[in-house]
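In the UniProt record's numbering, the protein residues as written are 1 to 162.
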């Protein structure tokens, strides 16, 4: 078959748009993430609080950590961050997430579909923008992702193994 094209040079990068950074991670004896410290143009630290009776953990940004209401009976996280509600199916697979919640209109969300073996086969993202509903979709096939944007662009992502 035809040869792949050679590597293309990277465009000149604006140093104001990119910067070096370093992230340091701290774990407890059981391997649970306790802290992530980001050092770069904008430094920040993310602390995690691990439940004393399980490996469940939550971000501890404001000291208000409530494990009893943050997980369902099967241990599934109910909110990614405040306002980003997560829903799970009977097989404990992520079914949907609300990415933007609005009081006066439709929410932005992602919905997930699985095949009979439990593999994700489809993701549908819905977003509201300028009075329009934008729908993006990803279909997952063995070795291939088909991404369709709200503007009708289609991208095929091939996964090859050596």
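We put the beta carbon where it would ideally sit given N, CA and C, even for glycine. From a predicted model like this one, the values you see are computed outputs, not experimental measurements.
Straight-line gap, residue i to residue j (C-alpha atoms, nearest Å)
{"i": "residue 9", "j": "residue 155", "result": "22 Å"}
{"i": "residue 53", "j": "residue 125", "result": "36 Å"}
{"i": "residue 24", "j": "residue 63", "result": "21 Å"}
{"i": "residue 12", "j": "residue 21", "result": "19 Å"}
{"i": "residue 165", "j": "residue 132", "result": "Here the chain has residues from 1 to 162 only, and residue 165 is not among them."}
{"i": "residue 102", "j": "residue 38", "result": "31 Å"}
{"i": "residue 91", "j": "residue 144", "result": "24 Å"}
{"i": "residue 159", "j": "residue 33", "result": "30 Å"}
DSSP-derived helix/strand/coil call for residue i
{"i": "residue 4", "result": "coil"}
{"i": "residue 12", "result": "coil"}
{"i": "residue 103", "result": "coil"}
Beta-carbon spacing of residue i, residue j below 7 Å
{"i": "residue 109", "j": "residue 96", "result": "yes"}
{"i": "residue 41", "j": "residue 19", "result": "yes"}
{"i": "residue 112", "j": "residue 134", "result": "no"}
{"i": "residue 47", "j": "residue 35", "result": "yes"}
Buried/exposed call for residue i, threshold 16 Cβ in 10 Å
{"i": "residue 50", "result": "buried"}
{"i": "residue 140", "result": "buried"}
Exercise for the section: Within the stretch 115–162, note down every full beta strand (DSSP E) run reaching 3 residues or more, in order along the chain. Expected result: 120–129, 132–141, 144–148, 154–158
Handout entry: Completely contained beta strand (DSSP E) runs for the stretch 18–92, where each covers 3 or more residues
Key = 22–27, 33–39, 44–50, 57–59, 86–88
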